[in-house]
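Chemist:
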Amino acid sequence: MLPPLRIDDLTVFDGWYVKERQSVVTSGSRFLWVGPTNQCSNSLTGGFARIDGSGFFAAPGFIDSHLHLAGLAAALSGHDLSNVFKSDSKTFLESLRSVCKEDIQSDWLRFYSLDYFDALDAGVLDRSLVDSAIPDRPVIIRFNSGHGVLLNSIALRRLGINESTPEPPGITFGRTIPHGVLSGLILEGDEILTKKMPALPDYQLVSGFKLVNQLLIKHGITCVVDATRTNDMERLCMTRNLVAGGLISPDIVFMPGYEHIGQFSLNDLTYDSVYAGIRIGCAKIQIALSGGSVYPNSSDLREMIYDSHEQGFPVSIHAVEQECISIAVDALCRSRMNGDRIEHASELDDRTLGKLAHSGVNVSTQPAFLNSYGDRYIQRSDSRKLKMLYRVSSLNKLGVKVGFSSDAPVTYPNALGSIYSAVTRRTVKGNIVNGDETISPMDSMRLLTNVNAGICGVGEQKGQVKTGYDADLVLLDHNPITSDIEDILETSVQLTMRRGEILYNNL
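Residue 275 in the working numbering sits at position 274 of the sequence shown, with consecutive numbering throughout.
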């Protein structure tokens with residue numbers, strides 16, 4: 002049994018509004034009492050640990066409604082290429098050679114977070130260049146988008162891919178121009194890689210998840226949704242073991258990939274089932290522009306949605322481009338189930354925005370992309386496209402339940418960073434991406450807590466500082482709602498509590 006705790010004289014954002022001079026009392030895993038400090042009964046004193054909350058800002062624990070736990074663990078513990086082009090392109094090959102010399106233990110050399118567009122501009126998306134640095138060991142380089150890899154020649158051979166290998170539906174094998182030979186680039190190929198590549202070594206897996214856990218709790222995140230489309234029963238069992246071993250502290254909602262929901266049904270698991278403390282989420286479906294066309298097509302997508310609903314799963318549809326979102330919304334309007342979601346909804350014209358609002362479908366989107374990648378959007382998009390990007394304010398005004406997420410490892414999970422991006426829409430270089438779509442800090446806090454809980458299927462127990470709810474709480478050293486905008490990024494988490502257990506304490 003967790004020890005009871007009383008925190009007095011707090012400024013509390015309860016998931017809806019801000020209230021001053023509040024007390025929060027926990028007992029076990031729940032909030033026992035929440036209200037004005039001067040009304041808190043003296044009976045809630047004896048046997049309670051007490052914290053003076055003067056000067057602190059309390060909020061429901063932050064929820065990240067879309068990330069990829071294993072991908073983040075691999076990226077944090079693997080060989081990082083995120084900064085390789087900040088000097089010149091030669092550092093790319095130098096980095097590969099350096100790792101090859103240092104990492105003599107690994108069979109496959111795994112690199113992460115290479116910026117696809119920087120690599121494209123530098124002309125290095127060609128296996129022959131990777132071969133020149135590492136010709137005799139298999140190399141896989143994952144892009145920061147999470148939707149593509151670059152392989153060297155020996156890696157292609159290990160995977161059984163050659164010039165005559167047909168592209169599976171929805172997967173693109175890059176080829177060089179003008180010769181048309183395999184370049185080593187594979188887009189949307191996770192199904193192939195998951196089946197044919199050896200798993201991460203246990204030591205790297207454990208190391209990576211320790212880093213993931215530290216990152217999440219340090220940023221006040223108490224619940225996450227693993228939205229990986231290759232999630233299957235084997236991955237669920239791995240996640241169960243990580244939770245049981247104390248390697249992951251935040252609560253988890255686990256989305257099974259659509260192709261694997263039959264496995265879950267055979268194990269009597271469906272949406273909202275709880276397996277070893279892990280809640281089962283929506284069935285994950287990906288719709289994307291692949292090879293110049295949308296895959297799956299509208300007819301196949303409707304069948305997938307219907308099949309998921311028949312098996313008791315709402316769907317979570319990855320849709321970034323406007324064409325994909327439109328097809329996804331049209332399909333969902335024909336077959337709706339409570340809990341259906343669109344992931345990303347990055348590009349929305351007015352017509353698709355209206356259809357989305359009419360559909361009643363929820364959205365998880367990533368305002369932090371504006372800060373991290375906004376300068377590239379400006380560089381590569383015309384004014385019409387820029388006005389379509391991450392229309393959080395418009396979605397909010399039309400009553401769409403829209404929550405925030407990091408899509409980690411595409412960006413690292415940082416709720417306060419998401420607030421800053423949503424409030425300012427400012428890029429790293431200080432440019433503004435469609436300032437008409439800014440929202441207030443208060444609304445940003447709601448979307449990260451209360452609304453996120455609802456769209457993740459845990460709104461009955463999380464997302465609010467409220468008597469009877471899970472005692473998920475984050476204490477901040479500043480009030481991000483009333484602080485100067487630039488101070489939001491300087492705000493730090495002082496305490497993270499999940500279901501009454503203090504996971505992180507910097508008081």
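All C-beta atoms, glycine included, are put in the ideal place defined by N, C-alpha and C.
(1) Could you work out which residue in 140, 74 and 57 is closest to residue 98 when comparing CA atoms only?
(2) Whole-angstrom Cβ separation of residue 206 and residue 148, contact assumed at under 8 Å?
(3) For residue 24 versus residue 9, is the C-beta spacing smaller than 8 Å?
(4) Among residues of its own chain, excluding the 5 on either side of residue 354, which ones have a beta-carbon nearer than 8 Å to its beta-carbon?
(5) As a quick exercise: from 285, 178, 217 and 251, pick the residue whose alpha carbon is nearest that of residue 230.
(6) Which residues bound the beta strand (DSSP E) around residue 1?
(7) Looking at the unbroken beta strand (DSSP E) that takes in residue 115, where does it start and where does it end?
(8) Just checking, does the stretch 365 to 375 make contact with the stretch 408 to 422 on the three C-beta pairs under 8 Å criterion?
(9) From the DSSP secondary-structure annotation, give me the bridge partner or partners of residue 226.
(10) DSSP has residue 52 in a bridge; who is on the other side?
(11) With DSSP as the reference, please indicate the residues paired to residue 477 in a beta bridge.
(12) Looking at C-alpha atoms only, which residue of 441, 500, 388 and 119 is the closest neighbour of residue 462?
(13) How would you label residue 497, buried or exposed, when you count the other beta carbons within 10 angstroms and need 16 or more for buried?
(14) Going by DSSP, which residues form a beta bridge with residue 363?
(15) Distance, Cα to Cα, residue 358 vs residue 130?
(16) For residue 14, which beta-bridge partners are listed by DSSP?
(17) Quick check on the burial criterion: 16 or more other C-beta atoms within 10 angstroms. Buried or exposed for residue 37?
(18) Which residue or residues does DSSP assign as beta-bridge partners of residue 319?
(19) In chain order, what residues of the same chain have a beta carbon less than 7 Å from the beta carbon of residue 375, not counting five sequence neighbours either side?
(20) Pairs of beta-carbons, one from the stretch 188 to 204 and one from the stretch 287 to 296, closer than 8 Å: are there three or more?
(21) What distance in whole Å lies between the Cβ atoms of residue 221 and residue 63, which are believed to be in contact at a cut-off of 8 Å?
(22) Under 8 Å: do the stretch 474 to 493 and the stretch 49 to 60 share three or more Cβ pairs, one atom per stretch?
(23) How is the beta strand (DSSP E) around residue 184 delimited, first residue to last?
(24) Would you call residue 385 buried or exposed, if buried means 16 or more other Cβ atoms sit within 10 Å of its Cβ?
Modeler: This is what the structure holds:
(1) Sorting 140, 74 and 57 by C-alpha distance to the C-alpha of residue 98 places 140 at the top.
(2) Rounded, the Cβ-Cβ distance is 22 Å, inconsistent with contact.
(3) Residue 24 places its beta carbon less than 8 Å from that of residue 9.
(4) Counting only Cβ-Cβ distances below 8 Å, and skipping sequence neighbours, we find 392, 395, 396 and 399.
(5) The shortest C-alpha separation from residue 230 is found at 285.
(6) Only positions 2 to 508 of the chain appear in the structure, and residue 1 is not among them; the question remains open.
(7) For residue 115, the uninterrupted beta strand (DSSP E) segment begins and ends at 110 to 115.
(8) Yes, the stretch 365 to 375 is in contact with the stretch 408 to 422.
(9) In the DSSP output, where bridge partners are listed per residue, residue 226 has 254.
(10) DSSP lists 8 as the bridge partner or partners of residue 52.
(11) Looking at the DSSP output, residue 477 shares a beta bridge with 58 and 494.
(12) Measuring from the Cα of residue 462, the nearest candidate turns out to be 500.
(13) A residue is called buried when at least 16 other Cβ atoms come within 10 angstroms of its Cβ; residue 497 meets this threshold and is buried.
(14) Looking at the DSSP output, residue 363 bridges to 342.
(15) For residue 358 and residue 130, the distance between alpha carbons rounds to 47 Å.
(16) Beta-bridge pairing links residue 14 to 19.
(17) Residue 37 counts as exposed, since fewer than 16 other beta carbons sit within 10 angstroms of its beta carbon.
(18) Its beta-bridge partners are 287 and 344.
(19) The beta carbon of residue 375 lies closer than 7 Å to those of 428, 432 and 434 in the same chain, with the five residues before and after it left out.
(20) When C-beta atoms of the stretch 188 to 204 are compared with those of the stretch 287 to 296, three or more pairs fall below 8 Å, so the two segments count as touching.
(21) Correct: roughly 5 Å between the Cβ atoms.
(22) Short answer: they touch.
(23) In the DSSP assignment, residue 184 falls within the unbroken beta strand (DSSP E) covering 183 to 188.
(24) Residue environment for residue 385: exposed (fewer than 16 other C-beta atoms within 10 angstroms of its C-beta).
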